[in-house]
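Participant:
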Amino acid sequence: MSDQNVLLQVKGLKKFFSREQKGEIRAVNNINFDIVEGETLGLVGESGCGKTTTGRCIVKLYHPTNGEIIFDGKDIARIRSKRDQLEFCRNVQMIFQDPYASLDPKKKVQDIIGEGIDVHHLAKSREDRNHQIRGLLATVGLNPEHAGRYPHEFSGGQRQRIGIARALAVKPKLIVCDEPISALDVSIQAQVVNLLKKLQKERNLTYLFIAHDLSMVKYISDRIAVMYRGVIVELGDTDELYHYPIHRYTKSLLSAIPHADPYKEINRSRIIYQFHEGDLNGELHEIGKGHFVLSQDNQVEAYKEQLKNEKKN
Amino acid sequence: MSETILSLDDVHVSFDSLNGKVHAVRGVSFDLHYGETLALVGESGSGKSVTCRSIIRLLSKNASIDDGSILYEGKNILAKSQREMRSIRGKEISIIFQDPMTSLNPTMRVSKQIALPMIHHLHLSKHEAMKRAIELLKRVGIPNSEVRYKDYPHQFSGGQRQRIVIAIALACNPKLLIADEPTTALDVTIQAQIIELMKDIQKKNGTSIIFITHDLGVVAKVADRVAVMYAGKIVEIGTAEEIFYLPQHPYTWGLLQSVPTADEADEELYAIPGAPPDLIHPSKGDAFYSRNPYALEADRYYEPPYFQLSPTHFAATWLLDERAPKVEPPPSIQRRYATFYKKHGGKP
Numbered sequence: 599m600s601d602q603n604v605l606l607q608v609k610g611l612k613k614f615f616s617r618e619q620k621g622e623i624r625a626v627n628n629i630n631f632d633i634v635e636g637e638t639l640g641l642v643g644e645s646g647c648g649k650t651t652t653g654r655c656i657v658k659l660y661h662p663t664n665g666e667i668i669f670d671g672k673d674i675a676r677i678r679s680k681r682d683q684l685e686f687c688r689n690v691q692m693i694f695q696d697p698y699a700s701l702d703p704k705k706k707v708q709d710i711i712g713e714g715i716d717v718h719h720l721a722k723s724r725e726d727r728n729h730q731i732r733g734l735l736a737t738v739g740l741n742p743e744h745a746g747r748y749p750h751e752f753s754g755g756q757r758q759r760i761g762i763a764r765a766l767a768v769k770p771k772l773i774v775c776d777e778p779i780s781a782l783d784v785s786i787q788a789q790v791v792n793l794l795k796k797l798q799k800e801r802n803l804t805y806l807f808i809a810h811d812l813s814m815v816k817y818i819s820d821r822i823a824v825m826y827r828g829v830i831v832e833l834g835d836t837d838e839l840y841h842y843p844i845h846r847y848t849k850s851l852l853s854a855i856p857h858a859d860p861y862k863e864i865n866r867s868r869i870i871y872q873f874h875e876g877d878l879n880g881e882l883h884e885i886g887k888g889h890f891v892l893s894q895d896n897q898v899e900a901y902k903e904q905l906k907n908e909k910k911n
Numbered sequence: 205m206s207e208t209i210l211s212l213d214d215v216h217v218s219f220d221s222l223n224g225k226v227h228a229v230r231g232v233s234f235d236l237h238y239g240e241t242l243a244l245v246g247e248s249g250s251g252k253s254v255t256c257r258s259i260i261r262l263l264s265k266n267a268s269i270d271d272g273s274i275l276y277e278g279k280n281i282l283a284k285s286q287r288e289m290r291s292i293r294g295k296e297i298s299i300i301f302q303d304p305m306t307s308l309n310p311t312m313r314v315s316k317q318i319a320l321p322m323i324h325h326l327h328l329s330k331h332e333a334m335k336r337a338i339e340l341l342k343r344v345g346i347p348n349s350e351v352r353y354k355d356y357p358h359q360f361s362g363g364q365r366q367r368i369v370i371a372i373a374l375a376c377n378p379k380l381l382i383a384d385e386p387t388t389a390l391d392v393t394i395q396a397q398i399i400e401l402m403k404d405i406q407k408k409n410g411t412s413i414i415f416i417t418h419d420l421g422v423v424a425k426v427a428d429r430v431a432v433m434y435a436g437k438i439v440e441i442g443t444a445e446e447i448f449y450l451p452q453h454p455y456t457w458g459l460l461q462s463v464p465t466a467d468e469a470d471e472e473l474y475a476i477p478g479a480p481p482d483l484i485h486p487s488k489g490d491a492f493y494s495r496n497p498y499a500l501e502a503d504r505y506y507e508p509p510y511f512q513l514s515p516t517h518f519a520a521t522w523l524l525d526e527r528a529p530k531v532e533p534p535p536s537i538q539r540r541y542a543t544f545y546k547k548h549g550g551k552p
């Protein structure tokens, strides 16, 4: 990985929320990962595992309790000047889960998309702005003639495309996609995922793709990190992780995905994960090339052995 | 037929809207047998939920059932008064909705919500009903049910809430359970638990289930038979095996192709082009015509009838007509055909 350009580094990130009397919730508890330019890192886990919190820390919607987030060589917590802050916002964009709640219902689509262009002074003139907006609508597969419409006039899938166009408008480097397809129908999900993949190829975009739908994550991600109770339990190349999951939680998560294949479903049984205190101690250790598992020092050798054996079979 | 619990025949449902009449369900017919699970699949707006809500007559005020008949155990549901319906709902036929937070009363203890249908329909005493409620909570897998029955819905997690909704639905041992996307809002692990729970209950009580979902993985796991809906019609119906391994309708092909499979290489995921049709002015021919890459000229003007492929398998597409040109299904569908013939022998 050394020859590739690391775009984002997350080091020891912690985010705790305090509740009155009840103590704090450790939503994200010491996680580390890198994202290389041009790749897609999938972040999966059940609800409440801290994946959205991680995404929001990265776009600076939350201030981390502890730890560093380094984007393009700069610690984002140390951005002070307004100019640098603007620059950061331009480079890192987010696509939200709910296409109904994330678009201002009182604004026309052209103004939703144009807002970023205005804020960052990316258009030379009014014609240029319109031209850019129309281009963006065409890019995401919407009719440019509809720029004057309001969000309620679009379907869920179309709204999600508007959300994508809005993110693209400022020519970002990194897009944090927070469950962008879970609110959509299957056939529409495929449309949106294909669009995201196409855009990535054309514009060399980097994605952090947060989801709980593991089958689609597999399809779009180069690497996947599995989160559980605020920590990453396993991280590796997509194919490797799907074929040779090592951590017991990853195994149970993968076994819970139903396949559109009744013959297979009849014989498949689900692996149930029992959480034990102390399961989440330790750190991520590399047990195979690019394959990390949360383990304590004395478990590493056993995991390495396990991976070797599973690959043999 | 004695083994049929529910029979829909040519049901039409429409809604009045500002823009005109929306024809949400346009002639749906199917039979449901005792103890079986029928999955209804299709995209949003295809009429799955409306079909099910017309079975229990829980449609909004601007809706009307224009035509057709719905027979539940030989009795015509559509001729019943709302009062009579109330004695059927919850007792004979129960429904589980998608969002457990909006289907529970936030201001009432869960035990009471489970006990009420038993007091009302089975005339149990309060004390008896409460005892049964705690048992039900235990049965759907709520830990510590002896203590937690006093809690309110917000004190439970999403998966637990859905279990509570299931407990309410099961309180009077209904013969027919309608589950309207019961797991869509849940995580995969919770989803798997809920599905296992429903299958377990079905095995013990012999409940018939109509399972609405758009997740084909879930369908593969639960369904005995599958009905694929598009634009208010069933375009293909058959056993789960027939729909997954011998699909005939191009829409079913599209749906199956848009799901990423475990062993497929990095080819582009198939997306059904375009958007669902306008049901205010439904087209004269096949509603799928404009999105169908295999469409024939006939699809544009004439609605395809059902072609029978086996005693249980029907599909509405002109491709099955003997005058239609031979069409090669897409490669991944042909692979599904091959899987079927490998298992059962027969023509390649």
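Chains as they are written, first to last, in our numbering: chain A, 599 to 911; chain B, 205 to 552. Even glycine gets a Cβ: it sits at the ideal position worked out from N, Cα and C. Quantities reported herein were computed from a predicted structural model and do not represent experimental measurements.
In the DSSP assignment, the alpha helix (DSSP H) including Cys-256/B goes from what residue to what residue?
Facilitator: Residues 252 to 259.
Participant: In the DSSP assignment, find the alpha helix (DSSP H) that holds Glu-832/A and state where it starts and stops.
Facilitator: Glu-832/A -> not in any alpha helix (DSSP H); beta strand (DSSP E) instead, spanning 829 to 835.
Participant: By the 10 Å Cβ neighbour count, where 16 or more other Cβ atoms means buried, how is Met-402/B classified, buried or exposed?
Facilitator: Buried: at least 16 other Cβ atoms inside 10 Å.
Participant: Quick one, which of Asn-896/A, Ile-762/A and Leu-839/A has its alpha-carbon nearest Cys-775/A's?
Facilitator: When only C-alpha atoms are compared, the closest one is Ile-762/A.
Participant: So with CB distances below 8 Å, who are the chain A contacts of Leu-473/B?
Facilitator: Ala-788, Val-791, Asn-792 and Tyr-817, listed in chain order.
Participant: Note down, in chain order, all residues in the region 866 to 878 of chain A with a beta-carbon under 7 Å from any beta-carbon belonging to chain B.
Facilitator: Those would be Arg-868, in chain order.
Participant: Would you verify that the beta carbon of Ser-785/A is, or is not, closer than 8 Å to some beta carbon of chain B?
Facilitator: Cβ-Cβ to chain B under 8 Å: yes for Ser-785/A.
Participant: Cβ of Asp-696/A less than 8 Å from any chain B Cβ?
Facilitator: Asp-696/A does not count as touching chain B.
Participant: At a Cβ threshold of 8 Å, is Tyr-805/A touching chain B?
Facilitator: Chain B, which has no Cβ nearer than 8 Å to the Cβ of Tyr-805/A, makes this no.
Participant: Does the region 647 to 663 of chain A come close enough to the region 685 to 695 of chain A to have 3 or more Cβ pairs within less than 8 Å?
Facilitator: Yes, since at least three Cβ pairs between the region 647 to 663 of chain A and the region 685 to 695 of chain A fall closer than 8 Å, the two stretches touch.
Participant: Hey, how far is the Cα of Glu-800/A from the Cα of Leu-766/A?
Facilitator: Whole-angstrom Cα-Cα distance: 12 Å.
Participant: Are the Cβ atoms of Glu-445/B and Ile-416/B separated by less than 8 Å?
Facilitator: No, Cβ-Cβ distance for Glu-445/B and Ile-416/B is not below 8 Å.
Participant: Can you tell me which of the three DSSP states Asp-419/B falls into?
Facilitator: Here Asp-419/B sits in coil by DSSP.
Participant: Ordered along the chain, which non-local residues of its own chain (more than five positions away) have a Cβ less than 6 Å from that of Gln-683/A?
Facilitator: Result list for Gln-683/A: Ile-677, in chain order.
Participant: Which residue wins for smallest C-alpha separation from Glu-400/B, given the options Arg-343/B, Ser-494/B and Lys-330/B?
Facilitator: Among Arg-343/B, Ser-494/B and Lys-330/B, the Cα nearest to that of Glu-400/B is on Arg-343/B.
Participant: Give every residue of the same chain whose Cβ lies closer than 6 Å to the Cβ of Gly-458/B, excluding the five residues on either side of it in the sequence, and list them in chain order.
Facilitator: For Gly-458/B, where only same-chain residues beyond five positions count, the Cβ hits under 6 Å are Ile-476.
Participant: What does Pro-464/B touch in chain A if you count any residue whose Cβ is under 7 Å from its own?
Facilitator: What Pro-464/B touches in chain A: Ser-813, Met-814, Lys-816 and Tyr-817.
Participant: So Glu-713/A is in the alpha helix (DSSP H); what residue range does that whole segment cover?
Facilitator: Taken as a continuous stretch (DSSP letters only), the alpha helix (DSSP H) holding Glu-713/A covers 707 to 717.
Participant: Helix, strand or coil for Tyr-842/A? Go by DSSP, reduced to three states.
Facilitator: Looking at Tyr-842/A - three-state DSSP - the assignment turns out to be coil, as it is neither helix nor strand.
Participant: Quick check: what's the CA-CA separation for Lys-354/B versus Ser-258/B?
Facilitator: Looking at the two C-alpha atoms, the distance is approximately 34 Å.
Participant: Judging by CA-CA distance, which residue of Met-305/B, Cys-256/B and Leu-262/B is the nearest neighbour of Pro-357/B?
Facilitator: Comparing Cα positions, the closest option is Met-305/B.
Participant: Express the C-alpha separation of Leu-242/B and Arg-540/B in angstroms, rounding to a whole number.
Facilitator: Cα-Cα distance, rounded: 21 Å.
Participant: Give me the Cα-Cα distance between Lys-295/B and Pro-378/B, rounded to the nearest whole angstrom.
Facilitator: Going by the C-alpha atoms only, they are around 5 Å apart.
Participant: With a cut-off of 8 Å on the beta carbons, I'd call Val-229/B and Val-254/B a contact; round off their distance for me.
Facilitator: At roughly 5 Å, the Cβ-Cβ gap stays under 8 Å, so Val-229/B and Val-254/B are in contact.
Participant: Short check: CB of Ser-813/A to CB of Pro-464/B, under 8 Å?
Facilitator: The answer is yes: Cβ separation under 8 Å.
Participant: Who are the Cβ neighbours of Ile-372/B in its own chain at under 7 Å, not counting the five residues just before and after it?
Facilitator: The answer, listed in chain order, is Gln-317, Ile-318 and Pro-321.
Participant: On the CB-based measure, 16 or more other CB atoms within 10 Å of its CB, does Met-334/B come out buried or exposed?
Facilitator: The residue is buried, with at least 16 neighbouring Cβ atoms inside 10 Å.
Participant: Do Val-790/A and Gly-834/A have their C-beta atoms closer together than 8 Å?
Facilitator: Result no, Cβ atoms of Val-790/A and Gly-834/A do not sit closer than 8 Å.
Participant: Listing by chain order, which chain A residues have their CB less than 9 Å from the CB of Phe-492/B?
Facilitator: Neighbours of Phe-492/B on chain A: none; closest Cβ ~12 Å, over 9 Å.
Participant: Spatial neighbours of Ala-431/B within its chain, please: C-beta separation below 8 Å, excluding the five flanking residues on both sides.
Facilitator: Around Ala-431/B: Phe-234, Leu-242, Ala-243, Leu-244, Val-245, Ile-438, Glu-440 and Ile-441.
Participant: For Ala-858/A, go through chain B and note every residue whose CB falls closer than 8 Å to its CB, in chain order.
Facilitator: Per Cβ cutoff of 8 Å: Leu-420, Gly-421, Val-423, Ala-424, Phe-448, Leu-460, Val-463 and Thr-465.
Participant: Nearest chain B C-beta to Ala-854/A closer than 8 Å, yes or no?
Facilitator: By this cut-off, Ala-854/A is an interface position.
Participant: List, in order along the chain, the chain B residues whose C-beta lies closer than 7 Å to that of Ser-753/A?
Facilitator: The contacting residues are Ala-479.
Participant: Note down, in chain order, each residue of its chain lying with its Cβ closer than 8 Å to the Cβ of Ile-855/A, except the 5 sequence neighbours on either side.
Facilitator: Only Leu-812 and Ser-813 meet the Cβ criterion.
Participant: If you drop the 5 nearest sequence neighbours on each side, which residues of the same chain put their C-beta closer than 8 Å to that of Thr-388/B?
Facilitator: For Thr-388/B, where only same-chain residues beyond five positions count, the Cβ hits under 8 Å are Gln-302, Thr-417, His-418 and Asp-419.
Participant: Counting pairs of beta carbons, one from the region 630 to 646 of chain A and one from the region 802 to 822 of chain A, are three or more of them closer than 8 Å?
Facilitator: These segments touch.
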